[in-house]
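In terms of the working numbering, the sequence shown is residues 393 to 696.
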Amino acid sequence: MVPAAEPRSYYGRPVIKEPIWTPEIPVYFFTGGLAGASAGLAFVARLSGRKKLARVATGNAFAGVAVSPLLLISDLGVPKRFLNMLRVFKVTSPMSVGSWIITVEGGLLVVTAAHEFLGWFPKPLARLFEAIAALLGMPLATYTAALIANTSVPVWHEGRRELAFAFAGGSAMAAGGAAALLASDQASPARRLAIIGAVTEGVAMEYSKRRMGMVAEPYSTGVAGKLEKATMAFAGGGAAALLAAEAGRSRGIGRLGSALVLVGSMLGRWMVFTAGKQSAAAPQYTIEPQRERREKGTLPSSTA
Numbered sequence: 393m394v395p396a397a398e399p400r401s402y403y404g405r406p407v408i409k410e411p412i413w414t415p416e417i418p419v420y421f422f423t424g425g426l427a428g429a430s431a432g433l434a435f436v437a438r439l440s441g442r443k444k445l446a447r448v449a450t451g452n453a454f455a456g457v458a459v460s461p462l463l464l465i466s467d468l469g470v471p472k473r474f475l476n477m478l479r480v481f482k483v484t485s486p487m488s489v490g491s492w493i494i495t496v497e498g499g500l501l502v503v504t505a506a507h508e509f510l511g512w513f514p515k516p517l518a519r520l521f522e523a524i525a526a527l528l529g530m531p532l533a534t535y536t537a538a539l540i541a542n543t544s545v546p547v548w549h550e551g552r553r554e555l556a557f558a559f560a561g562g563s564a565m566a567a568g569g570a571a572a573l574l575a576s577d578q579a580s581p582a583r584r585l586a587i588i589g590a591v592t593e594g595v596a597m598e599y600s601k602r603r604m605g606m607v608a609e610p611y612s613t614g615v616a617g618k619l620e621k622a623t624m625a626f627a628g629g630g631a632a633a634l635l636a637a638e639a640g641r642s643r644g645i646g647r648l649g650s651a652l653v654l655v656g657s658m659l660g661r662w663m664v665f666t667a668g669k670q671s672a673a674a675p676q677y678t679i680e681p682q683r684e685r686r687e688k689g690t691l692p693s694s695t696a
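Next up, the structure:
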């Protein structure tokens, strides 16, 4: 009988290649999430009569969606590559779907922001586009989770069930925190959104780590482990400060909480990105899940 192989690859080399994405990508995760969640916040604020909050959220959504394609193009290296992704629409490809979502959302938010800040375009058209932008906001905020979960990177693929919830929470933190900073007199809905986002992301990540078992170790080790602690500190501290502001404390503590959750949202995206790189570099996170699935009869022998 051949003894079970040790949880490593040939000469300890990684089984898969690390993601080749540049640092622009985790920043894009943040700006795309900010844009998507802010579009939804702007629409809800408009419906509730909070015009200043709607105006601020619209500006934040436009800023996020304007920066996002630039970050993608910078990562791709050649602008034409981004345009090439728009040649077809492939439902089974998160990259294709995401490219179209951000392009359409960008066009919608250009019209919405131009009406809001410059008075361009008829009001009915701007309001219609604002509603459609809000509808596309959640897919924009979460499609990147599907994108990375569709790779062979262990910690991303094994966490595919919870990543979308974590990214949605991080996006809500970013949108709520940014809006609360700039619309302090109408900030209550934005603060509540940020608090809900912080709780959602924290619960989703904790549940994901418990479910994944040893595959989740990169979240607690190395640079990713430090980022996890920082994310928890900023997001948790920010949510606590925002709760205090909701309870009637000073506006100053509300602004502090808003800034903290903004930083926490960004750190959370960097944590996921870095953990992915670490898990790809360590072969045991690829080999062990395959071995477990093979022993359970859910993986063909030829692929183990």
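Every residue, glycine too, gets a C-beta built ideally from N, C-alpha and C.
Cβ-based neighbour list, residue i, same chain, cut-off 7 Å, excluding 5 preceding and 5 following
i: leucine 652; result: Phe626, Gly629, Gly630 and Ala633
i: leucine 619; result: Leu659, Trp662, Met663 and Thr666
i: arginine 552; result: Ala541
i: alanine 506; result: Trp512 and Phe513
Cutoff 8 Å; reference residue i; Cβ partners in own chain excluding five residues on either side
i: aspartate 467; result: Trp413, Thr414, Glu416, Ile417 and Tyr420
Run of the alpha helix (DSSP H) containing residue i, from where it starts to where it stops
i: arginine 442; result: Counting along the chain, arginine 442 falls outside any alpha helix (DSSP H), and DSSP gives it neither H nor E.
i: tryptophan 662; result: 643–673
i: proline 546; result: 546–550
i: methionine 604; result: 580–604
i: arginine 405; result: Where arginine 405 is concerned, there is no enclosing alpha helix (DSSP H), given that its DSSP letter is neither H nor E.
i: alanine 608; result: Segment: none, alanine 608 is in no alpha helix (DSSP H) and carries neither H nor E.
i: threonine 678; result: 676–687
i: alanine 518; result: 515–541
Burial state of residue i (16 or more Cβ within 10 Å)
i: phenylalanine 435; result: buried
i: glutamate 410; result: exposed
i: alanine 558; result: buried
i: phenylalanine 454; result: buried
i: serine 544; result: exposed
i: glutamate 508; result: buried
i: proline 516; result: exposed
i: glycine 605; result: exposed
i: threonine 484; result: exposed
i: arginine 647; result: buried
i: valine 457; result: buried
Beta-carbon proximity list for residue i, same chain, < 6 Å, skipping 5 on both sides
i: glutamine 670; result: Pro610, Gly614 and Ala616
i: serine 650; result: Gly569, Ala572 and Leu573
i: asparagine 542; result: Pro486
i: threonine 556; result: First, the residue type needs correcting, since residue 556 is alanine and not threonine in the sequence shown. Hits under 6 Å: Thr534 and Ala537.
i: proline 546; result: Val607, Ser671, Tyr677 and Thr678
i: arginine 442; result: Gln578
> What residue ranges within the segment 465–491 form continuous alpha helix (DSSP H) runs of no fewer than 4 residues, ordered along the chain?
Replying inline: 471–476
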